[in-house]
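Residue numbers (my numbering): 215 to 317.
C-beta: ideal position from N, C-alpha, C; glycine also.
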């Protein structure tokens, strides 16, 4: 039984690791600049993100998602969708922010 637990330890620790580049790749596969903002919000929300698209006129829409970990406290993944300067209803840029985890 002890060997089995020791064999599982690396898998458990890997599940707790934060991979910032994986989040960036995932977001870039989900939404892209030039995409209609409404479509980008629907896709982000379908992936479990909460986006503060309240009034709809903000230049930056912040999206967050809780990243649940097995052993340690949960982290928050954060992505800003920035409206195009020339086309208000279009994504101009995407900013994948650093994942925040409690220490």
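Helix, strand or coil for residue 311, going by three-state DSSP, please let me know.
By 1-based counting over the chain shown, the position of residue 311 is 97. Coil at residue 311, not helix or strand.
Can you give me the Cβ contacts of residue 244 inside the same chain, cut-off strictly under 7 Å, excluding the 5 residues immediately before and after it?
Working through the chain shown from its first residue, we reach residue 244 at position 30. For residue 244, where only same-chain residues beyond five positions count, the Cβ hits under 7 Å are 257, 258 and 261.
Just to confirm my understanding: we take residue 255, look at its own chain, exclude 5 residues before and 5 after, and list those with CB closer than 6 Å. What are they?
The count along the chain shown starts at 1 and reaches residue 255 at position 41. Around residue 255: 265 and 267.
Beta-carbon spacing of residue 310, residue 248 below 8 Å
Within the chain shown, residue 310 is the residue found at index 96, counting from 1. Within the chain shown, residue 248 is the residue found at index 34, counting from 1. The answer is no: Cβ separation not under 8 Å.
Can you tell me whether residue 244 is helix, strand or coil according to DSSP?
Translated into positions along the chain shown, residue 244 becomes position 30. Here residue 244 sits in helix by DSSP.
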